[in-house]
Structure formats: structure tokens, C-alpha cells
Amino acid sequence: MAGSVLPSLGRVKLADLVPSEGLPSDSYKLSVSTLSQSLAQYSAAIVQFSVSDGALLRSGLDSARLYFHQSASYPAPDIVPTNDLARHLLKYLPMFH
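Under the working numbering, the first residue of the sequence shown carries the number 74, and numbering increases by one thereafter.
Structure, rendered in C-alpha cells:
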């Protein structure tokens, strides 16, 4: 496959996407353009984080993982529809019998 070209995802730095006061900088404009084109074409993009932002991201991902791990047992049994509820609904919605 010598002639095939692999898609190239857009790559932007998070620091370039942070808005600042005043007119948008050239790096901001270029980053927004690159990001939007990559998302439109591939539904994906690469966002590069600084070391300190990376630590914050890891913390957020760890928190999300714990949240979803703990909520795996939800919904609680008292809010899951039961057969009694289904029978009650079918009583008033005869078209579904």
C-alpha cells in the first residue's frame, strides 16, 4: 500500500485554546481552525496538555473512574420497573397488549 495515506488527526496545544483578553491571537485562531477541521473530518483530535494540566486530567479521569465503578450497581432496585408497574401501565395502554 505504497500509495495509501493515513489520516492525520489535528493536533493542538491546550494552552493555545485558552482564551485571553483582547483580540484572538494567531495561535488561538490556528488551533481553533485545526481542532474544528479535525473534528469535522475524523470526529477526533489530539489535544496536548502541559505537565501540570496532565496531572489535573489524570485526577479528573481517576475521579470519573471511581464514580462509574461505584455507580455500577445503580439504578437502585426500588426505582427499577417491576412487573407490577408493567401490568399497571398495560392496564391503561391496551394497545401494547
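Here a beta-carbon is modelled for each residue, glycine too, at the ideal position from N, C-alpha and C. Nothing here was measured: the structure is a model prediction, and the numbers come from that model.
For Gln121, the pairing in a beta bridge is given by DSSP as Lys86. Here the alpha carbon of Leu87 sits roughly 13 Å from the alpha carbon of Leu129. By the Cβ neighbour-count rule, Ser104 is buried, with 16 or more other Cβ atoms within 10 Å of its own. By the CB criterion at 8 Å, Gly83 and Gln110 fall inside the cutoff. Assigned with DSSP and collapsed to three states, Gly133 falls in helix. Val85 places its beta carbon less than 8 Å from that of Val120.
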